[in-house]
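Have a look at the structure below, then the notes.
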Amino acid sequence: MSLRRVNCGSTCQQHLRLASLRSSPVATSLFHNTAGKENQIKGWKKLRFQKSSGGCRVLAASNGEPAAPELAPGGVYEGQVLGSEKYTTLQRFLMEEVQWVPEAEDSDLAILLSDVASATKRIADVLASAGIEGLMGKNESVNMTGDKQQKLDVVANDILKDALASCGQVRSIASEEEDEVLLTDPNGRYAVVFDPLDGSRNIDAAIPTGTIFGVHVCQPVLEDTMDELEWALSDCLQPGDQLVAAGYALYSSATMFVLTLGNGTHGFTLDRRTGDYVLTHRNITIPERGQIYSVNDARYHDWPRGLQRYIDAIRRGEGESPKQYSARYICSLVADFHRTLLYGGVAMNPRSHLRLVYEGNPLSMIAEQASGVGSDGRRRILSIKPDRLHQRLPLFLGSPKDIAELESYEDVQQEAKTYEV
1 MSLRRVNCGS
11 TCQQHLRLAS
21 LRSSPVATSL
31 FHNTAGKENQ
41 IKGWKKLRFQ
51 KSSGGCRVLA
61 ASNGEPAAPE
71 LAPGGVYEGQ
81 VLGSEKYTTL
91 QRFLMEEVQW
101 VPEAEDSDLA
111 ILLSDVASAT
121 KRIADVLASA
131 GIEGLMGKNE
141 SVNMTGDKQQ
151 KLDVVANDIL
161 KDALASCGQV
171 RSIASEEEDE
181 VLLTDPNGRY
191 AVVFDPLDGS
201 RNIDAAIPTG
211 TIFGVHVCQP
221 VLEDTMDELE
231 WALSDCLQPG
241 DQLVAAGYAL
251 YSSATMFVLT
261 LGNGTHGFTL
271 DRRTGDYVLT
281 HRNITIPERG
291 QIYSVNDARY
301 HDWPRGLQRY
311 IDAIRRGEGE
321 SPKQYSARYI
331 CSLVADFHRT
341 LLYGGVAMNP
351 RSHLRLVYEG
361 NPLSMIAEQA
371 SGVGSDGRRR
381 ILSIKPDRLH
391 QRLPLFLGSP
401 KDIAELESYE
411 DVQQEAKTYE
421 V
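For the sequence shown, UniProt numbering gives the first residue as 1, with consecutive numbering after it.
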């Protein structure tokens, strides 16, 4: 539960504001504190407030130790109220956290992200019954970048498009499965980019798949110089460091929703009893160094010499770490990245195959907010300005020390090559 104290300068000196979803989406309660008074809120721990000359302290009722420093007039303290952490839903988390996103407008961003999360639940349900419903296998179509579409690529894409077009917060949509950017609501404040179903080739074998997305604030409209589609395109071609939110859903033994709003990376697990995403991984931090690398090393002989030398070294325990690294490769970007996020190491595709806008930028934001790194082998991914929607590049994601060691070999980007699958 987010806690904010604002010294308002009034007679009582201090307000304690607790934002909660218990009564309404943006319910805010103000509690005027008085010296020594205890406030008991059902389901939350007791807090005791103690006045002082210049402000106020919050004392934990359990042991009386200060839970916050003394505040001078005008000071602000942010912290946590425990006791409700056991079952924090994504919806409640969003309404508490978006108030700290400078670019967010009221609850619009929370509504948008809730709708994305709801769409991923629908996709998870469709995937679970795809074999029964006859949705396995390839479609007859090919997407913009030449990939043969699976039937479920199209279904997942439609689910996300419908959710975003109807939420009322989105002006522009760009999907890996669409040729061009889509303009949904000219009055919308946000642009959303997404890969609706990463790893879709694995579906017939029931291997984990995922959805990846990123959210930008739309650019100011310059009516005299651009038409509506040009506005929409400029919204979606912003550098990754302009993202205000990014996330992915992982469809596996459990369905997970991993999200960042620029204030850490957090993981939620779908509770199928209630239909809620529940916070299970707060403030994920990737280890500084791992012991796993994730890449299709059947392509070893096509790699540049620098990448071969790096992989040879870490496999033998002759890299900067004396540990011998193990290979773990699912061939589903979300699944390989999720494991790397939790356990450390590096997940990579050294050839220019993955899309900067739909995959590279969102996953790099998630990695950086978890103290990790996203790189193309030479540059920080989030600093690259996209020049087209379906721009491809090499992608290396993982622990900071592992990525730094890999980059030190310099020649790690594979020449463009197409493989038949």
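Think of the CB as a built atom: it goes at the ideal place given N, C-alpha and C, for glycine as much as any other residue. Predicted model, so just to flag it, every value in this text is computed and none were measured.
Discussion item. Looking only at its chain, what residues have a beta carbon closer than 7 Å to the beta carbon of residue 422, apart from the 5 residues adjacent to it on each side?
Written reply: Any question about residue 422 goes unanswered here, given that the chain covers just 1 to 421.
Fill in: Opposing strand residues paired with ALA246 [DSSP bridges]
ALA246 pairs with GLY214 and THR260.
Item to complete: Could you have a look at GLY267 and say whether DSSP puts it in helix, strand or coil?
Response: strand
Worksheet item: From HIS342 to ILE212, what distance separates their C-alpha atoms?
Response: According to the sequence displayed, residue 342 carries Leu and not His. Computed Cα separation, rounded: 17 Å.
Practice prompt. Please classify LEU30: is it buried, with 16 or more other beta-carbons within 10 angstroms of its beta-carbon, or exposed?
Written response: In this prediction, LEU30 scores a pLDDT of 27, lower than 50, which makes its location untrustworthy; the coordinate-derived value is nonetheless stated afterwards. Exposed, since its Cβ has fewer than 16 Cβ neighbours within 10 Å.
Worksheet item: From ARG355 to ASP227, what distance separates their C-alpha atoms?
Response: Distance between the alpha carbons of ARG355 and ASP227: 26 Å.
Worksheet entry | Residue from SER321, ARG282 and ARG328 with nearest C-alpha to ALA298 | ARG328
Worksheet entry | Rounded C-alpha distance that separates GLY247 from GLN291 | Roughly 25 Å separates the two Cα atoms.
Worksheet item: Taking the alpha-carbon positions, what's the ARG122 to ILE159 distance?
Response: 8 Å
Fill in: Option in GLY264, GLY137, ASN296 and LEU229 with minimal Cα separation from ILE330
ASN296
Worksheet item: Starting from ARG92 and walking both ways along the alpha helix (DSSP H), at which residues does that stretch end?
Response: 90-97
Fill in: CB contact flag (GLN169, LEU307, <9 Å)
no
Worksheet item: Count the other CB atoms within 10 Å of the CB of TRP100; is the residue buried (16 or more) or exposed (fewer)?
Response: exposed
Worksheet entry | Cβ-Cβ separation, THR285 to ALA206 (assumed contact under 8 Å), whole Å | About 31 Å; that fails the 8 Å criterion.
Fill in: Same chain, Cβ closer than 6 Å to GLU410, five either side skipped, listed in chain order
Hits under 6 Å: GLY306.
Practice prompt. Go to GLY374, then tell me how far its beta strand (DSSP E) extends in each direction, as first and last residue.
Written response: Segment 373-375, the beta strand (DSSP E) holding GLY374.
Practice prompt. Can you check the region 326-402 for any alpha helix (DSSP H) of at least 4 residues that lies completely inside it and give the ranges in chain order?
Written response: 333-343 and 361-369
Worksheet entry | C-alpha distance - THR28 paired with GLY262, whole-angstrom precision | Below a pLDDT of 50, predicted positions are generally treated as unreliable, and THR28, at 29, falls in that range; the measurement from the model is reported next regardless. Each residue's Cα considered, the two are about 23 Å apart.
Worksheet item: Using the C-alpha atoms, what's the distance from GLU178 back to residue 422?
Response: Shown here, the chain extends from 1 to 421; a query on residue 422 therefore has no answer.
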